[in-house]
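Asker:
Residue numbers (my numbering): 421 to 636.
1. Please report the straight-line C-alpha distance between residue 564 and residue 526, rounded to a whole angstrom.
2. Would you say residue 521 and residue 551 are within 8 Å of each other, going by their C-beta atoms?
3. Can you find the residues in the same chain that come closer than 8 Å, C-beta to C-beta, to residue 447, ignoring five residues on each side of it along the sequence?
4. Looking at the secondary structure, which residues open and close the alpha helix (DSSP H) in which residue 425 lies?
5. Spell out the partners DSSP gives residue 574 in its beta bridges.
6. For residue 440, collect the residues of the same chain with a Cβ closer than 7 Å to its Cβ; drop the 5 residues on either side in sequence, then sort them by chain order.
7. Does the segment 493-500 come into contact with the segment 510-517, if we say contact requires no fewer than three beta-carbon pairs (one atom in each stretch) closer than 8 Å?
8. Are the CB atoms of residue 560 and residue 597 nearer to each other than 8 Å?
9. I need the boundaries of the alpha helix (DSSP H) containing residue 474, first residue and last residue.
10. Would you list the one or two residues that DSSP bridges to residue 597?
11. Counting beta carbon pairs with one atom in the segment 463-472 and one in the segment 622-633, are three or more of them shorter than 8 Å?
12. Are residue 479 and residue 507 closer than 8 Å when you measure CB to CB?
13. Between residue 618 and residue 605, how many whole angstroms is the CB-CB distance? I'm expecting something under 8 Å.
14. So which of 477, 437 and 423 has the shortest CA-CA distance to residue 578?
15. If I measure Cβ to Cβ from residue 492 and keep anything under 6 Å in the same chain, skipping five residues before and after, which residues do I get?
16. Roughly how many whole angstroms lie between the Cα atoms of residue 434 and residue 587?
17. Run through DSSP, which three-state label would residue 485 get?
18. Leaving aside the five residues before and after residue 634 along the sequence, list all residues of the same chain whose C-beta is less than 6 Å from its C-beta, in chain order.
19. Per the DSSP calculation, residue 447 is bridged to which residue(s)?
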């Protein structure tokens, strides 16, 4: 019964046997699958957590349009491929149409225009994680190793490349969790944090939270 990190390592070893220069194409959803947020019953928190996980894994991420602003959609396929919501005003001249939307309707607050105004939006979350992948080679090129945790609902792993080591910890649960480290974490070492707090060498993980730490 492999966990996500063990499965990724097994797959990468298989890929490497066939082509040492392989690039893994990782994604959450595509045009044939229900959108992430719909799969999570409309939860933005779970959608952000899913993005936090896959955007910190090895490989080249592919983002299906609209996932970065929390668009919804389910079968039949045309409702997974509804027009990208540039604005909540669906009558704007730059808003495209090819179908009357069933999920991404006017004035529901899910649009590029709205998300750009909110620093805590799912869009700005995506932008921050993509920026971290570009800046830190460990996140874009590094291998992955699992970090054991006391609670199975805590997913922790380390990405390493050259002399750079980065630890990522996620709380997959809807209740608070605690993850302990062997050193005192400094604020300057935190690259990203969502719904977490620090107490000496303890990370207090809120529901569906993520923290990304550069190891000193």
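A virtual CB, placed ideally from N, CA and C, is assigned to each residue, including glycine. From a predicted model like this one, the values you see are computed outputs, not experimental measurements.
Answerer: Looking at the atomic coordinates:
1. So the two alpha carbons sit approximately 42 Å from each other.
2. With respect to residue 551, residue 521 sits apart: the two C-beta atoms are not nearer than 8 Å.
3. Contacts found: 474, 481, 482, 483 and 484.
4. From DSSP, the alpha helix (DSSP H) with residue 425 extends over 424-438.
5. 591
6. none
7. Taking 8 Å as the limit for Cβ pairs, the verdict is that the segment 510-517 does not touch the segment 493-500.
8. At the C-beta level, residue 560 and residue 597 stay beyond 8 Å of one another.
9. 464-474 is the span of the alpha helix (DSSP H), which, as asked, contains residue 474.
10. The partner list for residue 597 (beta bridge, DSSP) reads 625.
11. They touch, by the three-pair rule.
12. By the CB criterion at 8 Å, residue 479 and residue 507 fall outside the cutoff.
13. 6 Å
14. It is 477 whose Cα lies nearest to the Cα of residue 578.
15. 455, 457, 458 and 523
16. 25 Å
17. coil
18. 586, 609 and 611
19. 482
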